[in-house]
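Chemist: Before we start, here is the structure in question, set down as structure tokens.
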Ligand code: ZN
């Protein structure tokens with residue numbers, strides 16, 4: 446392998462600056478009305494391109510992608526409901542969750558009884574607006590707080606959704622950051638949710654922010670950062686990029702990275718991929734509510750990357766898992782719900798996982814018969830003449846013992862309980878001393 450790059454973690458700004466920067470980027474994306482196609486996705490990608498070298502791809506409506514077809518493009522200009530007394534009781538201009546994504550156009554006067562089936566609310570959370578979509582079945586809905594719905598009097602309502610479903614394109618963005626090796630690390634975030642902060646803006650912002658830092662350093666792997674609409678975007682990318690998919694050695698999706706729960710890592714379908722083991726090591730050091738879950742065929746776009754025909758080693762990193770926080774897919778998933786300190790913590794954990802992947806290697810001890818004498822190689826005493834601290838000596842001994850050409854550094858960390866970074870540092874010392882040789 447090529448030389449191990451310095452840790453990404455060491456090159457990141459401190460948590461205060463990191464949290465502030467990622468939150469500000471998420472906040473700039475929050476007001477945009479995104480869907481799986483349309484102007485909102487393009488505007489979002491334009492903003493992300495300020496952070497990471499992003500190439501925008503357009504896939505025309507009607508294009509077949511794997512078992513799917515790119516849908517018509519949805520454009521929304523205005524939507525509102527006017528009550529019998531002339532008041533606008535719901536207005537898309539107030540909140541873009543008020544209209545279900547992909548609603549077909551409508552301009553009609555109708556009695557409340559006829560309107561009622563098109564009104565979506567959350568009776569158990571009466572102050573919140575739900576997030577609803579009609580992607581693949583033509584329909585229209587307004588979403589509103591249940592309290593507002595309950596206050597509607599009988600009578601005729603004027604309902605307007607000024608929207609278009611027309612041939613256009615699906616848009617996704619891709620940033621490729623070359624590394625020393627052609628093998629790739631794929632990290633993706635969905636870009637299709639409207640004003641939802643944790644479930645969606647946090648993931649896009651963290652990925653673009655990380656991309657800037659990855660772009661400014663020497664990486665071992667090539668990084669491919671994918672910003673695509675959920676499901677159909679990942680499917681379109683897979684359909685168009687079989688060669689790149691074949692180069693993916695590690696990967697994960699990023700979503701819900703700004704709340705105070707978790708952190709949560711969901712394993713890839715393979716279950717024991719390097720990324721799965723790296724994430725388990727990093728989250729294992731966090732303790733507390735950190736957890737590693739087994740793969741399941743639901744969630745974000747790891748579902749597509751882990752479909753059996755591709756079976757890519759792609760997991761999912763989140764704080765709270767989707768659906769497990771009460772704010773999920775409601776207007777309460779706002780910019781107050783995501784916090785700079787949680788975004789910074791997520792950045793640190795993700796960088797830690799990448800450092801393990803980038804730093805992993807397999808070695809052979811060049812003096813495996815008996816312990817090599819460390820003292821005469823300067824590996825027993827430090828520069829101050831005193832014995833090296835015990836954790837440093839233990840890391841050296843573990844690496845020397847397990848460097849049999851079969852244990853990777855990740856395997857050594859799993860078996861010894863010694864933090865990966867200490868084993869990596871020990872291996873670097875032993876390489877300099879000539880006591881290790883890489884096994885390719
Ligand atoms: Zn979602």
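Numbering (my numbering), first residue to last: 446 to 885.
Virtual Cβ for every residue (Gly too), placed ideally from N, Cα, C.
(1) Thinking C-beta only, is residue 566 closer than 9 Å to residue 593?
(2) So what does residue 760 bridge to, in DSSP terms?
(3) Taking only the alpha-carbon atoms, compute the straight-line gap between residue 860 and residue 847 and give it to the nearest angstrom.
(4) Check the DSSP bridge columns for residue 810 and list the partner residues they point to.
(5) What does the alpha-carbon distance come out to for the pair residue 642 and residue 821?
(6) Entirely within the region 515–546 and at least 4 residues each: give me those alpha helix (DSSP H) ranges in chain order.
(7) To the nearest angstrom, how far is the alpha carbon of residue 520 from that of residue 549?
(8) Using only the alpha-carbon positions, how far apart do residue 483 and residue 608 sit?
(9) Answer with buried or exposed for residue 740, where buried requires no fewer than 16 other C-beta atoms within 10 angstroms of its C-beta.
(10) How should residue 447 be labelled, buried or exposed, when 16 other C-beta atoms within 10 angstroms of its C-beta is the threshold for buried?
(11) DSSP state of residue 509, grouped into three classes?
(12) Can you give me the Cβ contacts of residue 619 inside the same chain, cut-off strictly under 6 Å, excluding the 5 residues immediately before and after it?
(13) Report the CB separation of residue 689 from residue 463 in whole angstroms; it is logged as a contact under 8 Å.
(14) Roughly how many angstroms separate the alpha carbons of residue 883 and residue 809, rounded to a whole number?
(15) Roughly how many angstroms separate the alpha carbons of residue 534 and residue 780, rounded to a whole number?
(16) Residue 571 and residue 507: beta carbons closer than 9 Å?
(17) Can you tell which of 677, 644, 547 has its C-alpha closest to the C-alpha of residue 617?
(18) Is residue 638 close to ligand 1? I mean its beta-carbon at under 8 Å from any heavy atom of the ligand.
(19) Which residue wins for smallest C-alpha separation from residue 459, given the options 708, 855, 786?
(20) Could you name the residues of the same chain whose beta carbon sits closer than 6 Å to that of residue 735, not counting the 5 residues immediately before and after it, in chain order?
(21) Cβ of residue 641 versus every heavy atom of ligand 1: is any distance shorter than 8 Å?
(22) So, for residue 563: in the same chain, excluding its five sequence neighbours on each side, which residues have a beta-carbon less than 7 Å away from its beta-carbon?
(23) With a CB to CB cut of under 6 Å and the five nearest residues on each side skipped, what residues in its chain are close to residue 715?
(24) Expressed to the nearest angstrom, what Euclidean distance is found between the alpha-carbon atoms of residue 655 and residue 561?
(25) Just to confirm, are residue 545 and residue 514 a CB contact at a threshold of 9 Å?
(26) Measuring only the C-alpha atoms, how far is residue 880 from residue 665?
(27) Using three-state DSSP, classify residue 680 as helix, strand or coil.
(28) Just to confirm, does residue 675 get its C-beta within under 8 Å of one of the non-hydrogen atoms of ligand 1?
(29) CA-CA distance, residue 815 and residue 875?
(30) Which residue marks the beginning of the beta strand (DSSP E) containing residue 454, and which one marks its end?
(31) Could you check the C-alpha separation between residue 522 and residue 582 for me, to the nearest Å?
(32) Closest to residue 461 by CA distance: which of 812, 793, 872 is it?
(33) Can you have a look at residue 747 and say buried or exposed, based on whether 16 or more other CB atoms are within 10 angstroms of its CB?
(34) Within this structure, are the beta carbons of residue 634 and residue 700 separated by less than 9 Å?
(35) How is residue 603 classed by DSSP in three states: helix, strand or coil?
Modeler: Inspection of the coordinates gives the following:
(1) yes
(2) 697
(3) 9 Å
(4) 881
(5) 57 Å
(6) You should have found no qualifying run.
(7) 10 Å
(8) Straight-line measurement puts the Cα of residue 608 at about 11 Å from the Cα of residue 483.
(9) Flag for residue 740 reads buried.
(10) Legend: pLDDT at residue 447 = 49, less than 50; position of this residue unreliable, value from coordinates given subsequently. Answer is exposed; the Cβ neighbour count stays below 16.
(11) strand
(12) Contacts found: 500, 671.
(13) That pair is no contact at about 29 Å.
(14) Per the coordinates, the alpha-carbon of residue 883 lies some 6 Å from the alpha-carbon of residue 809.
(15) Roughly 24 Å between the two C-alpha positions.
(16) no
(17) 677
(18) yes
(19) 786
(20) 708, 728
(21) yes
(22) 585, 586, 587
(23) 758
(24) 45 Å
(25) No, the Cβ-Cβ distance between residue 545 and residue 514 is not below 9 Å.
(26) 23 Å
(27) helix
(28) Yes, the Cβ of residue 675 comes within 8 Å of a heavy atom of ligand 1.
(29) 16 Å
(30) Counting along the chain, residue 454 falls outside any beta strand (DSSP E), though it belongs to the alpha helix (DSSP H) covering 453–456.
(31) 20 Å
(32) If you compare the alpha carbons of 812, 793, 872 with that of residue 461, the shortest gap goes to 793.
(33) buried
(34) yes
(35) strand
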